[in-house]
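*Asks:* Sequential numbering from 19 applies to the sequence shown in my numbering.
We put the CB at the ideal spot given by N, CA and C, even for glycine.
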Amino acid sequence: MLKFLPIILILCYGFAMWFFSAWRTKAELRQNSTPLDHPALKPLLARLGRAMDLPSIRAQVYEIPIVNGLAAPDGRIYITRGFLNRMEAGEVTPEEIASVVAHELGHVAHGHSQRRMIDFAGQNVIRSILLMTLGRFLPFVGPWLVGLLVSALSARLSQKDEFEADRFATALLVKAGIGPEAQLSLFRKLDRMSGGRRAAAPAWLLSHPPTPARIAAIEANRARWQG
Numbered sequence: 019m020l021k022f023l024p025i026i027l028i029l030c031y032g033f034a035m036w037f038f039s040a041w042r043t044k045a046e047l048r049q050n051s052t053p054l055d056h057p058a059l060k061p062l063l064a065r066l067g068r069a070m071d072l073p074s075i076r077a078q079v080y081e082i083p084i085v086n087g088l089a090a091p092d093g094r095i096y097i098t099r100g101f102l103n104r105m106e107a108g109e110v111t112p113e114e115i116a117s118v119v120a121h122e123l124g125h126v127a128h129g130h131s132q133r134r135m136i137d138f139a140g141q142n143v144i145r146s147i148l149l150m151t152l153g154r155f156l157p158f159v160g161p162w163l164v165g166l167l168v169s170a171l172s173a174r175l176s177q178k179d180e181f182e183a184d185r186f187a188t189a190l191l192v193k194a195g196i197g198p199e200a201q202l203s204l205f206r207k208l209d210r211m212s213g214g215r216r217a218a219a220p221a222w223l224l225s226h227p228p229t230p231a232r233i234a235a236i237e238a239n240r241a242r243w244q245g
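1) Excluding five sequence neighbours on each side, which residues of the same chain lie with their C-beta closer than 6 Å to the C-beta of residue 74?
2) Are the segment 76 to 83 and the segment 193 to 206 in contact at 8 Å, needing three or more beta carbon pairs?
3) Just tell me which of 61, 105, 186 has its CA closest to the CA of residue 126.
4) Leaving out five residues before and five after residue 106 in sequence, what residues of the same chain have Cβ atoms less than 6 Å from its Cβ?
5) Measuring alpha carbon to alpha carbon, tell me which residue in 90, 178, 110, 70 is nearest residue 232.
6) Identify which residue in 91, 83, 84, 119 has its Cα closest to the Cα of residue 61.
7) Taking the alpha-carbon of residue 194 as reference, which of 45, 117, 208, 44 has the nearest alpha-carbon?
8) In its own chain, which residues sit with a C-beta less than 8 Å from the C-beta of residue 242, not counting the 5 before and 5 after it?
9) Report the three-state DSSP secondary structure of residue 74 (helix, strand or coil).
10) In the DSSP assignment, find the beta strand (DSSP E) that holds residue 88 and state where it starts and stops.
11) Alpha carbon to alpha carbon, what distance is there between residue 237 and residue 230?
12) Give the single residue among 114, 122, 103, 115 whose Cα lies nearest to the Cα of residue 91.
13) Please look up how many angstroms separate the CB atoms of residue 227 and residue 182, rounded, as I've assumed it's under 8 Å.
14) Based on Cα-Cα distance, which residue from 102, 234, 198, 239 lies nearest to residue 53?
15) Which residue wins for smallest C-alpha separation from residue 94, given the options 51, 198, 197, 104?
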C-alpha cells in the first residue's frame, strides 16, 4: 500500500488544485462583474436567444480593462469592460460583440469550460508524475521538457475547443440573422490590435489557434451554412 502513496498524494493534489481553481474563478467573477444591459446589445442577445429557442441571452460585464470574452464553468457568459469600451469608442460594433457572445455560448454548449477545469487538474497530475520520473534522471533538462510537453498538450486541447466554439458561433449567427461577417471582421481587427505579438510563439503552444486558420475555418463554415 505504501508504494502507491506517492500516486495517491498526487491525485489528491490534483483534485485540491481543481477545487481551489474553480472556487477562486467563481469568486473573482462574482465580485468583479455586473449585468450586461447595453441598449445596442440587448436586441442582438434577444435574437441569439430566439435562434436557440431560449429567452434573451443574459451576459455579464467582467470589470477588467483587457479585451476578452469568456464562459465560466457554471455556464455564465462574460464580456470584459475593455471590450465594451472599444465598442463605445467605435472600434468594434455591437454585432461583433454579439459574435463573441455566440462563441462563448459555443463553449457552454460543448461543455468546454467544465472540461478545461478537469484538464487543468489532470495536467497538474501529469506534470507531477513526470517531474518525479524525468527529474530524477534529467535534473536540469527534465523540468523544462515536462513544462514544454504539458504546455503543448494543453494548447492542443484548447485549440480544438476554439475551433468547435467558432463553428457553433457561425451557425448560430446565421440562424439569428446577424451573419458571420461580424465574426470575421472582429478576428481581423483583433489580429491588428495584437500587433503580431502572437507570432513570437509556435502555433502549437498557443492556447488559441492562429487567426488566419480560424478565419479560413469560419469562411468554410459560412459557405456551408449560407450556401
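*Replies:* Looking at the atomic coordinates:
1) Within the sequence shown, numbered from 1, the residue matching residue 74 stands at position 56. Within the same chain, residue 74 has close Cβ partners 63, 64, 67.
2) no
3) In the sequence shown, residue 126 corresponds to position 108, counting from 1. Of the candidates 61, 105, 186, the one whose C-alpha sits nearest the C-alpha of residue 126 is 186.
4) Within the sequence shown, the letter at position 88 stands for residue 106. Contacts found: none.
5) For the purposes of this step, residue 232 is taken as the residue at position 214 of the sequence shown. Residue 178 is the option with its Cα nearest to residue 232.
6) The residue labelled residue 61 in the question sits at position 43 within the sequence shown. The shortest C-alpha separation from residue 61 is found at 119.
7) As a position in the sequence shown, residue 194 is number 176, starting the count at 1. Of 45, 117, 208, 44, the residue nearest in Cα terms is 117.
8) As a working mapping, residue 242 is identified with position 224 in the sequence shown. Cβ within range, chain order: n/a, list empty.
9) What you label residue 74 is simply residue 56 of the sequence shown in a count that begins at 1. DSSP places residue 74 in coil when its eight states are reduced to three.
10) Indexing the sequence shown from 1 puts residue 88 at position 70. Taken as a continuous stretch (DSSP letters only), the beta strand (DSSP E) holding residue 88 covers 87 to 89.
11) Translated into positions along the sequence shown, residue 230 becomes position 212. Translated into positions along the sequence shown, residue 237 becomes position 219. Roughly 11 Å between the two C-alpha positions.
12) Your numbering for residue 91 matches position 73 in the sequence shown. Of the listed residues, the one whose Cα sits closest to residue 91 is 122.
13) Locating residue 227 in the sequence shown gives position 209, counting from the first residue. Locating residue 182 in the sequence shown gives position 164, counting from the first residue. At roughly 11 Å, the Cβ-Cβ gap does not stay under 8 Å, so residue 227 and residue 182 are not in contact.
14) The residue labelled residue 53 in the question sits at position 35 within the sequence shown. It is 102 whose Cα lies nearest to the Cα of residue 53.
15) The residue given as residue 94 occupies position 76 in the sequence shown. Nearest option by C-alpha distance: 51.
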